[in-house]
Amino acid sequence: MKLYSPGIVEDAPDPVRCCLEIKTRVSESTIAKAELGRKKHGHFVNCSYGDAVFNDCVPAANRSQVLHQALVTGFQHGVFVVCKLEEGQGSIVQIVAIRISTEKRDEYEKNLCKVVNPLLGFLQNEDVIARGILMDSDFPDWVTDPHRTILKTRAKLYYGHLKLISTEEGDLRPTKPVSIYKHSTQYRYNKHKPGLDKNTEISDRVAFHTTGPFEAKYVFRMLDAIMVNAWRAYQAVTVISPWLRALGSPPSLAQVRTKLHNFVGVEDFVADVALECLRRLAAQKAIPLFPADVPQEEREERQFKSEFAEYKRINGWPIRKFALKKFASDPFLKKLRLCTFVDHRPQRIRDVQPVIHEKGTSQKVVRRKCVLCFVPGKMIPGTSTIKSKEIANNSTYMCPTCMVVLCKKTVGNSGAKSCHTMGRYRKW
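According to my numbering, the sequence shown is numbered sequentially starting from 299.
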């Protein structure tokens, strides 16, 4: 951000660039401390890093954060903003403008390098930086294979960003304003409140496919927020609430994080919930839910029609080949033939849809031979002579539900039944 304050920068009326750190206080104790600092030093405070005013206004846990940001960005000034959240309303308590001397930054960098160089000094090798990627030969022997994989996958972004902010003289200039570089833990923390955090909003926008419709993005974002909220609620119910009751006193944020360190991650939680939903759907797929006042007969009819629709979807419809064999052997098709919930009254073939389908530029008409009384002819092997001709009654009628041709002719005495009647009421 840019800051204009002649009291901070002597003889510099122009705005100066500075790093910004915002902290929100939500508990009564932290809000009280922030209010006390405002009463003592005012709403807007000018100070230098490490002086008495700075120590009064900036808690010890946040002081190194301001110094670290100044070191990384190269700025000589920082702004520490303290906010509070009470009854759902947020407001600014105090704004602390901090001047950070070069000596303080150099001292912090020296102490930091004592810890970092023995561990990560190989990442700052000039040859590695010029190459832009990490190779196995660059790692010390103590680095494990999983850590090597993590470092190699992130090195390209790190070195690319380093080249972007490096000057020709070898110095590092401040980064350009970006809103899609984000730490994964910070992204997950703000994931359940989309729209409140600008970086999260931008990240979500980038993550979606650019050609996806707005409605789909909106629904996915709602589902994402719901699942993350459910994950946090599950944490609270199963871990935090019992722990707080046993603890007796309010814990610190660090204690809460330690307690949740080994808790199931949000990705695993979402996967477990999705699998459980699929298992429940599979168990209830063929059991429609009906109001209590629906008669039993109507329930059975609805359930059968639901099963019929599912059978069509899985097996294809109508039955094109070996209809007689399938209707005689398939348990559901047997149930379909004898069912009274559907219409089996014969209709003319031309009135039943679909009975004619396109095939190239020609039309193919559904066969008109009765599937029940049809007997195929047999050829004498090695000749073109038919040993016995096929026997079948041609029909202009078919069952509109089963989609098979059944003739209405009767053979024999007056008590004989047609193929349609036998197919409708008898087991084949």
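Beta carbons: idealized from backbone N, C-alpha and C, even for Gly.
Note that the structure is a prediction, hence the values are computed from the model and not measured.
Quick one, which of 327, 514, 564 has its alpha-carbon nearest residue 384's?
327
Can you tell me where the alpha helix (DSSP H) holding residue 729 begins and where it ends?
Given a span of 299 to 726 for the chain in the structure shown, any question on residue 729 remains unanswerable.
Considering just the uninterrupted stretch of the beta strand (DSSP E) at residue 321, what are its terminal residues?
317 to 323
Using the rule of at least 16 other Cβ atoms within 10 Å of the residue's Cβ for burial, across every protein chain shown, is residue 578 buried or exposed?
exposed
Smallest Cα separation from residue 356: which of 392, 371, 368, 519?
The residue with the shortest Cα to Cα distance from residue 356 is 392.
So what does DSSP say about residue 733, is it helix, strand or coil?
Given a span of 299 to 726 for the chain in the structure shown, any question on residue 733 remains unanswerable.
Which class does residue 385 belong to by DSSP, given the choice of helix, strand or coil?
In the structure shown, residue 385 sits in coil (DSSP, three-state: anything other than H, G, I, E or B).
For my contact list, residue 398 and residue 374 are in at a C-beta cut-off of 8 Å; report their separation, rounded to the angstrom.
6 Å
Is the stretch 565 to 580 touching the stretch 524 to 542 in the sense that three or more CB pairs, one from each, lie closer than 8 Å?
yes
State the start and end residues of the unbroken alpha helix (DSSP H) segment that holds residue 343.
From DSSP, residue 343 is part of no alpha helix (DSSP H) but of the beta strand (DSSP E) over 342 to 346.
What residues in its chain sit with their C-beta under 8 Å from that of residue 319, if we drop five residues either side in the sequence?
360, 363, 364, 367, 376, 377, 378, 379
Just verifying my parser: in three-state terms, what is the DSSP assignment at residue 617?
coil
Can you tell me which residues form a DSSP beta bridge with residue 412?
None; residue 412 has no bridge partner.
Look up residue 308 in the DSSP assignment and say whether it is helix, strand or coil.
Caution applies to residue 308, whose pLDDT of 47 falls short of 50 and renders its modelled position unreliable; the value that the coordinates give is listed next. Three-state result, residue 308: coil.
Check this for me: beta carbons of residue 395 and residue 343, under 8 Å apart or not?
yes
When you compare only the Cα positions, how much space is there between residue 497 and residue 473?
Model confidence at residue 497 stands at a pLDDT of 47, short of 50, so the residue's coordinates are unreliable; what they give is reported in the following sentence. Straight-line Cα distance between these residues: approximately 16 Å.
In whole angstroms, what separates the C-alpha of residue 402 from that of residue 411?
14 Å
On the premise that residue 432 lies in contact with residue 453, defined as a C-beta separation below 8 Å, what is that separation, rounded to the nearest angstrom?
4 Å
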